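Colleague: This is the structure I want to talk about, given as structure tokens.
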Amino acid sequence: MSRRSHGLIATWAEVQRQQQRQREAQLRAQERQRREAERQLRAAERAAARSERERQAEYRRRREADALRRTEEIEARVEALRRVLASGCAAPAFSAAALYRPERVEPFAPGALAVPVPMPDPAAYQPVVQGGGWGFGAGRQAQAQAEARARFERDWAAAQAAEAQRLHQLETYRRQYQAWADGQLAAIREHNAGVERLAAALRRGEPEQVVEYFSAALYAAQGWPDDFPRQVSAAFDPAARQLVLNWELPGLAVVPQAASVRYMPSVDREKETRRPVAERRALYRDVLAQCVLLALRDVFAADQFGVLDSVALNGFVDGTDPATGRHSQTFLATVMARRADFDGLNLARVDPVDCLVEALRGQLSERPDRPAAVRPGRTPDQVGRSVVSHGGGEEPDLYQMDPIEFEELVAELFRAMGMQAVTTQRSGDGGVDVDALDPDPIRGGKIVVQVKRYRNTVPPTAVRDLYGTVQDTGANKGVLITTSSFGPGAHAFAAGEPLTLVSGGELVDLLHRHGLTGRLGEGSGDGRGSGRSGRRSGGSSGGGGAGAGGGSSAGGGARGGARSAGPDAGLDDAVDDPNTVDDLDDGVDDGLDETSVLGMSWSGRVALDVCALVCEGNRVVSEDHFVFYNNPQAPDGSVRTMPGSGPDRAAIWVRFDRLPARADRLVLVAAVDPEANPDADLSGFTDARIRLSDTSGALIDELAVSDGRPGETALVLGSFRRRADGDWRFVLGGKGYPQGLVALVEEYGIEVA
């Protein structure tokens with residue numbers, strides 16, 4: 001048998017074997033790790049490839065879906081074009097009855113003022129009698145009863161005072177509401193009477209009213225696609241009882257060039273399949289014929305007065321003459337349709353092109369895509385001078401206009417604002433170009449108008465001459481309108497006088513706002529009111545928010561008012577100002593949109609009167625511009641005291657745009673009500689703030705004001721001050737007056753007897 005060696009060699013050999021086994025184990029572990037890493041790498045590569053394939057598939061699906069959506073939009077557009085006539089005939093026709101306004105105003109809503117102030121309950125003021133042998137003695141019981149009675153009487157007096165103030169504010173608010181409601185109803189009735197007068201004029205066939213009415217019927221028709229133009233020129237021939245129209249038609253671009261869209265993954269782009277030229281031309285001719293028939297339908301359907309026997313309509317497209325580069329109009333369709341013939345058509349079933357060309361014997365361009373023009377049978381300018389245009393893109397240059405036409409345009413502006421206006425004779429007019437009459441029984445009267453087509457600044461002598469004309473003619477107001485501007489001397493003379501100065505830029509803005517057109521030189525017209533879609537947009541400048549330097553700018557109406565209440569205030573921004581012409585385009589005061597509401601809130605039970613002073617510097621403009629409980633409204637309507645609503649305990653409503661031109665600050669003050677709290681001071685006037693909002697209640701800014709101090713009974717809360725840029729910034733006050741409101745207002749120049 002063998003014998004195990006136990007010597008040094010055996011030990012060394014065992015160590016060697018163990019080391020060999022460890023090296024082999026490490027190599028096996030490393031091999032396993034290498035294989036596992038390779039496996040994970042292959043799995044990651046497979047996952048990445050799968051993710052890439054999915055991403056590419058998702059990208060392709062998205063691009064294909066986009067192409068399909070565009071194709072569906074093109075098909076929907078083409079289908080809508082094929083149904084222009086059917087869709088338009090389904091819309092309600094324009095009617096004079098739609099012009100009437102219901103005799104309805106917003107009901108009286110006093111809000112929190114309708115809720116009586118709760119009176120204290122005597123049962124809650126009984127002294128507490130403790131049991132268990134620890135009751136009061138007779139003296140202490142009587143003292144507790146006296147203290148409880150005193151607390152009750154004090155709270156009762158405060159509640160009675162608060163209730164008296166509520167009733168006073170409620171009655172004031174009711175009177176103000178009734179005056180507003182009466183004015184609203186009167187304006188509505190005057191508007192409806194104007195509609196009645198229009199209907200009577202239409203029955204008599206008066207050309208101007210006929211043209212205005214049917215132009216408006218086309219301009220306001222509801223059945224036309226939004227992107228179709230709405231430009232019309234019209235005239236009326238009373239002898240033939242024929243309305244002659246030039247009506248703008250859509251251009252070739254209205255028909256899509258593409259028939260479909262598909263995605264090409266090989267090059268990663270979309271490819272449009274072009275619509276055949278013949279198909280596009282045929283569809284465009286069909287659209288033009290539908291537009292002509294729909295315009296005829298809208299006109300005849302609006303004629304509830306039997307005014308028209310026939311309509312001569314010429315359809316044109318606006319464009320640029322490639323030979324001259326100038327604006328041009330190309331007539332692509334013309335027709336003279338008798339009412340008897342048109343009423344016999346069934347528009348729901350006709351082929352538009354055949355109906356226009358065969359049944360009505362009209363003309364339609366064979367190649368409107370080139371375009372090949374047709375010759376109109378009769379145009380508005382061949383009927384007479386009484387041509388009314390709406391929506392045109394080419395506005396007349398006021399500098400180049402004939403002087404007589406310019407004066408007539410100004411007279412037309414006044415008529416569009418609801419006044420009566422005529423131009424004067426060229427000689428012996430006494431310096432008057434337009435005589436106007438504002439029919440308002442309170443604010444209206446005779447207005448004399450001078451127009452100056454200047455390019456340079458109007459000198460002050462022209463303003464002084466107008467003032468002399470106003471005095472000589474006994475007019476209520478004078479208006480000087482120019483195509484240029486006025487200097488400081490002219491504004492200084494006109495301040496405080498019954499004069500209004502309208503610069504060229506303001507004149508253009510007024511024309512656009514009242515549906516008329518005009519521009520000052522080449523490239524100066526901004527196109528407002530003359531867009532192809534027939535829409536006009538108006539804006540208000542400025543928004544609310546904190547101003548720089550820690551102050552706050554009055555937003556909304558204050559910002560817009562700052563612009564219009566300056567020396568160049570225009571006609572539209574002069575409602576209720578005795579020194580300006582009133583804007584009566586609809587007879588309704590739309591000034592609420594520009595009104596800033598200054599809501600006043602505070603802690604404490606002290607009853608206060610919140611007042612306002614319209615000042616130039618530290619002096620009130622006039623005693624009538626001190627607005628308080630006995631004078632709740634400034635004479636120009638710019639400032640009013642109103643009851644508070646919601647969290648506000650009192651409010652001041654301000655039209656910054658109506659403040660007198662020389663006013664540069666609006667001072668807000670608070671004083672203890674001497675009737676409700678004869679012995680109180682302002683120590684209970686804490687946590688006070690002013691909420692600046694609009695009439696809808698939308699918060700614009702919140703202004704913290706100083707708390708009251710013991711011994712003071714009147715306090716300047718702060719003032720809105722006009723900055724050089726026309727904005728209004730709030731400046732915190734804080735000066736108190738122990739002698740009360742009398743001492744405060746005397747410091748601002750008001751004499752108190």
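Quick note: the sequence shown uses UniProt numbering, first residue 1, plus one each step.
In this text, a Cβ means the ideal position worked out from N, Cα and C, and glycines have one as well.
Predicted model, so just to flag it, every value in this text is computed and none were measured.
1. Are the Cβ atoms of residue 192 and residue 101 separated by less than 8 Å?
2. Could you say which of 23, 445, 482 lies nearest to residue 463 if we only look at CA atoms?
3. In chain order, what residues of the same chain lie with their CB nearer than 7 Å to the CB of residue 202, ignoring the 5 residues before and after it?
4. Are the CB atoms of residue 669 and residue 598 within a distance shorter than 8 Å?
5. Leaving out five residues on either side along the sequence, give the residues of the same chain with a beta carbon under 7 Å from the beta carbon of residue 152.
6. Give the DSSP bridge partners of residue 643, in chain order.
7. Could you name the residues that DSSP lists as bridge partners for residue 721?
8. What's the C-alpha gap between residue 507 and residue 735?
9. When we look at the beta-carbon of residue 19 and count the other beta-carbons within 10 Å, is it buried (16 or more) or exposed?
10. Tell me which same chain residues have a C-beta within less than 6 Å of the C-beta of residue 291, skipping the five on either side of it?
11. Could you compute how far the alpha carbon of residue 204 sits from the alpha carbon of residue 185?
12. Write down the C-beta distance between residue 161 and residue 677 rounded to the nearest angstrom, noting that I regard them as a contact closer than 8 Å.
13. Between which two residues does the alpha helix (DSSP H) containing residue 618 stretch?
14. Over the uninterrupted alpha helix (DSSP H) stretch that includes residue 689, give me the two end residues.
15. Secondary structure at residue 242, three-state DSSP: helix, strand or coil?
16. For residue 656, which three-state DSSP category applies?
17. Judging by CA-CA distance, which residue of 745, 88, 63, 472 is the nearest neighbour of residue 267?
18. Check whether the region 405-418 touches the region 434-449, taking contact to mean three or more Cβ pairs, one atom from each stretch, closer than 8 Å.
19. By how many angstroms is the C-alpha of residue 432 removed from the C-alpha of residue 491?
20. List the whole-angstrom C-beta distance separating residue 356 from residue 333, where the pair is believed to meet the contact cut-off of C-beta under 8 Å.
21. Okay, do the region 604-616 and the region 675-691 touch, 3+ Cβ pairs below 8 Å being the bar?
22. Output needed for residue 501: all residues of its chain with C-beta closer than 6 Å, excluding positions within five of it in sequence on either side, in chain order.
23. Would you kindly check if the distance between the Cβ of residue 166 and the Cβ of residue 218 is under 8 Å?
24. With a threshold of 8 Å on Cβ separation, who are the neighbours of residue 454 within its own chain once the five nearest residues in sequence on each side are excluded?
25. Straight-line CA distance for residue 596 to residue 700?
26. Check whether the region 629-640 touches the region 709-729, taking contact to mean three or more Cβ pairs, one atom from each stretch, closer than 8 Å.
27. Could you check where the beta strand (DSSP E) with residue 331 kicks off and where it finishes?
28. Rounded to a whole number of angstroms, what is the C-alpha to C-alpha distance between residue 118 and residue 159?
29. Just grab the DSSP bridge partners of residue 74 for me.
30. Does residue 516 come out as helix, strand or coil in the three-state DSSP assignment?
31. Does the region 223-239 come close enough to the region 25-37 to have 3 or more Cβ pairs within less than 8 Å?
32. Do the CB positions of residue 224 and residue 88 come within less than 8 Å of each other?
33. Tell me where the beta strand (DSSP E) around residue 269 begins and ends.
34. Taking 8 Å as the cut-off, decide whether the C-beta atoms of residue 303 and residue 242 are in contact.
35. Indicate the three-state DSSP secondary structure (helix, strand or coil) for residue 631 in the structure shown.
36. Spatial neighbours of residue 408 within its chain, please: C-beta separation below 8 Å, excluding the five flanking residues on both sides.
Modeller: Let me lay it out:
1. Taking the first residue of the sequence shown as position 1, residue 192 is located at position 192. Taking the first residue of the sequence shown as position 1, residue 101 is located at position 101. Yes, Cβ-Cβ distance for residue 192 and residue 101 is below 8 Å.
2. The count along the sequence shown starts at 1 and reaches residue 463 at position 463. When only C-alpha atoms are compared, the closest one is 482.
3. Taking the sequence shown and counting its residues from 1, one reaches residue 202 at position 202. For residue 202, where only same-chain residues beyond five positions count, the Cβ hits under 7 Å are 209, 210, 213, 305, 307.
4. For the purposes of this step, residue 598 is identified with residue 598 of the sequence shown, where counting begins at 1. For the purposes of this step, residue 669 is identified with residue 669 of the sequence shown, where counting begins at 1. With respect to residue 669, residue 598 sits apart: the two C-beta atoms are not nearer than 8 Å.
5. Taking the first residue of the sequence shown as position 1, residue 152 is located at position 152. Contacts found: 120, 122, 125.
6. Residue mapping note: residue 643 aligns to position 643 of the sequence shown, counting from 1. In DSSP, residue 643 forms a bridge with 650.
7. Here residue 721 corresponds to residue number 721 of the sequence shown, with the count starting at 1. BP columns for residue 721 point to 665, 729.
8. Counted from its first residue, the sequence shown places residue 507 at position 507. Counted from its first residue, the sequence shown places residue 735 at position 735. C-alpha separation (whole angstroms): 45 Å.
9. Taking the sequence shown and counting its residues from 1, one reaches residue 19 at position 19. With fewer than 16 other Cβ atoms within 10 Å, it is exposed.
10. Here residue 291 is taken as the residue at index 291 of the sequence shown, counted from 1. Closer than 6 Å at Cβ, skipping near neighbours: 249.
11. Mapped onto the sequence shown, residue 204 falls at position 204. Mapped onto the sequence shown, residue 185 falls at position 185. Between residue 204 and residue 185, the C-alpha separation is close to 29 Å.
12. Start at 1 with the first residue of the sequence shown, and residue 161 comes out as number 161. Start at 1 with the first residue of the sequence shown, and residue 677 comes out as number 677. Contact flag correct, Cβ pair sits at about 6 Å.
13. Residue 618 sits at position 618 when you count from the first residue of the sequence shown. It is not in any alpha helix (DSSP H) - residue 618 carries neither H nor E in the DSSP assignment.
14. The sequence position of residue 689 within the sequence shown is 689, counting from 1. Under the DSSP assignment, residue 689 falls outside any alpha helix (DSSP H), being part of the beta strand (DSSP E) whose first and last residues are 686-693.
15. For the purposes of this step, residue 242 is identified with residue 242 of the sequence shown, where counting begins at 1. If DSSP states are grouped into helix, strand and coil, residue 242 belongs with the strands.
16. Working through the sequence shown from its first residue, we reach residue 656 at position 656. Note: residue 656 maps to helix in three-state DSSP.
17. Working through the sequence shown from its first residue, we reach residue 267 at position 267. Residue 63 is the option with its Cα nearest to residue 267.
18. Contact between the region 405-418 and the region 434-449 is present, because at least three Cβ pairs lie under 8 Å.
19. Taking the first residue of the sequence shown as 1, we reach residue 491 at position 491. Taking the first residue of the sequence shown as 1, we reach residue 432 at position 432. Each residue's Cα considered, the two are about 20 Å apart.
20. Your numbering for residue 356 matches position 356 in the sequence shown. Your numbering for residue 333 matches position 333 in the sequence shown. Yes, they are in contact, since the Cβ atoms of residue 356 and residue 333 sit about 7 Å apart, within 8 Å.
21. Taking one beta carbon from each stretch, the region 604-616 and the region 675-691 have 3 or more pairs nearer than 8 Å; the two touch.
22. For the purposes of this step, residue 501 is taken as residue 501 along the sequence shown, with counting starting at 1. Here the set comprises 480, 486, 494.
23. As a position in the sequence shown, residue 218 is number 218, starting the count at 1. As a position in the sequence shown, residue 166 is number 166, starting the count at 1. In this structure, residue 218 keeps its C-beta atom at 8 Å or more from the C-beta atom of residue 166.
24. Locating residue 454 in the sequence shown gives position 454, where the first residue counts as 1. The beta carbon of residue 454 is closer than 8 Å to those of 482, 483, 484 in its chain, skipping five residues each way along the sequence.
25. If you number the sequence shown from 1, residue 596 lands on position 596. If you number the sequence shown from 1, residue 700 lands on position 700. Between residue 596 and residue 700, the C-alpha separation is close to 9 Å.
26. Between the region 629-640 and the region 709-729, the count of C-beta pairs closer than 8 Å stays below three; the two stretches do not touch.
27. Working through the sequence shown from its first residue, we reach residue 331 at position 331. 327-338 is the span of the beta strand (DSSP E), which, as asked, contains residue 331.
28. Looking up residue 118 in the sequence shown gives position 118. Looking up residue 159 in the sequence shown gives position 159. Going by the C-alpha atoms only, they are around 7 Å apart.
29. For the purposes of this step, residue 74 is taken as residue 74 along the sequence shown, with counting starting at 1. Per DSSP, residue 74 has no beta-bridge partner at all.
30. One-based indexing of the sequence shown puts residue 516 at position 516. Of the three classes helix, strand and coil, the one that applies to residue 516 here is coil, per DSSP.
31. Between the region 223-239 and the region 25-37, the count of C-beta pairs closer than 8 Å stays below three; the two stretches do not touch.
32. Here residue 224 corresponds to residue number 224 of the sequence shown, with the count starting at 1. Here residue 88 corresponds to residue number 88 of the sequence shown, with the count starting at 1. Against a cut-off of 8 Å, the Cβ pair of residue 88 and residue 224 comes out as a contact.
33. The residue given as residue 269 occupies position 269 in the sequence shown. Start and end: 269-274.
34. The count along the sequence shown starts at 1 and reaches residue 303 at position 303. The count along the sequence shown starts at 1 and reaches residue 242 at position 242. With respect to the 8 Å criterion, residue 303 and residue 242 are not classified as neighbours on the basis of their beta carbons.
35. The residue you call residue 631 lines up with position 631 of the sequence shown. Residue 631 falls in the strand class under three-state DSSP.
36. Indexing the sequence shown from 1 puts residue 408 at position 408. In chain order, 423 place their CB closer than 8 Å to the CB of residue 408, counting only its own chain and leaving out the 5 sequence neighbours on each side.
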